[in-house]
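First the structure, in the form of C-alpha cells, and then the observations on it.
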Amino acid sequence: MKPSFRDLLSTGGVVAPERIQLLIWTVVSVLVFLIAVFRSDPAVAQSAPSIPEGLLYLSGVSAFGFLGGKMTRKPGPVIDSVVAKVDKDGPTLTIEAAGRNLASDGTATIAGKDLSQLGPDSLKPEVTPGADGQRVQLRIVLEGPDLTGLPLDKLPLSFKNPDGQLAETKVPLTSDDLKALVPAAAQGPANDPGSTSPPKPGPA
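For any residue, its number in the numbering used here is found by taking its place in the sequence shown, counting from 1, and adding 92.
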C-alpha cells in the first residue's frame, strides 16, 4: 500500500468528513500562527507569538471530532497478498487473496467489471476466516473468463465492503496463464494462419 494525497480526505476510497475538517482546521491554524509571526516586530520580540486560547480550544474540538469519526467507522478492507491459479482445461481462473476486514457480503470487480460480466458461470467471492484468526481468505473463481480489453499482465482487482470502503490490488499472470486464458492474444497476428496481410516486397 502506498500513501497518497487522497488519504488526507478519505479512508478505504470513501470520503471521511472527520478527515476533511481536521485538514481544513490544521491549515487555518497554521495560517493564523504565520500571520501572528509576520505581524510581530522582530526587533522587540523575545519569543514566538503566543497562540490564542480560543484557537487551542477549537483545535481540541477538531481533534476529538477526528477521533470520534475513527471510532464509529469500521476499518476498511485490506488485501495483503494475492495469487492466481489457472486450470487450462476450463479454462478456469482462480484468484486467492489474503487480507483483513473483508466482509463476507462484499463485492469484487476486476478492471471495473462485475464478475458475471467476465464469466457467466463465475461464482460469488468466497470470504472465509484464516487459520490465524486475524486474516481472512478471499477466493474468486472465473469459469472461462472473457478478458478481452483488460490489462493482461496485472489484472486490477477491487473488493468493496457494504459500507463503500474498498481495497485495490493487482493480480499477476504468467505468460503460460495468458496462453491458457487468451489463446488468440498469445498467438498474435504474426502467427495467425488466417491472416491475409500481403507479403512485404523484397529489395529491387
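The C-beta atom is built at its ideal place from N, Cα and C for all residues, glycine as well.
Under 8 Å between C-beta atoms of residue i and residue j
i      : j      : result
Ala200 : Pro217 : yes
Pro237 : Leu265 : no
Gly191 : Val175 : no
Ala189 : Pro243 : no
Gly198 : Lys262 : no
Val228 : Thr220 : yes
Gly211 : Leu234 : yes
Leu258 : Ile232 : no
Option nearest residue i by Cα separation, candidates the options
i      : options                           : result
Asp269 : Pro134, Phe251, Ile116 and Leu185 : Leu185
Leu147 : Leu123, Leu194, Lys180 and Pro221 : Leu123
Pro254 : Leu207, Gly168 and Phe125         : Gly168
Glu145 : Phe125, Val233 and Leu234         : Phe125
8 Å Cβ cutoff, residue i in contact with chain C
i      : result
Leu123 : Given the protein chain composition of this structure (a single chain), no chain C is represented.
Identified DSSP bridge partners for residue i
i      : result
Ala176 : Ile187
Lys205 : Ile202
Thr103 : Val106
Leu230 : Ala189 and Val219
Cut-off 7 Å between Cβ atoms - residues of its own chain near residue i, not counting five sequence neighbours on either side
i      : result
Ala296 : The predicted model places Ala296 with a pLDDT of 47, which falls under 50 and marks its position as unreliable; any figure quoted below should be read in that light. Nothing meets the Cβ criterion.
Ile112 : Leu101
6 Å Cβ shell around residue i - same chain, five flanking residues per side excluded
i      : result
Lys177 : Thr186
Supposed close pair residue i, residue j - CB separation, criterion 8 Å
i      : j      : result
Glu110 : Gly160 : 7 Å
Trp117 : Ser173 : Not really, about 38 Å apart at Cβ, beyond 8 Å.
Leu101 : Phe158 : Actually they do not touch by this definition, with Cβ atoms about 12 Å apart.
Close Cβ partners of residue i (< 8 Å) along its chain, the five nearest in sequence each way excluded
i      : result
Met163 : none
Cβ-heavy atom distance, residue i to the ligand SAH, below 7 Å
i      : result
Asp133 : Ligands displayed in this structure: none; no statement on the ligand SAH is therefore possible.
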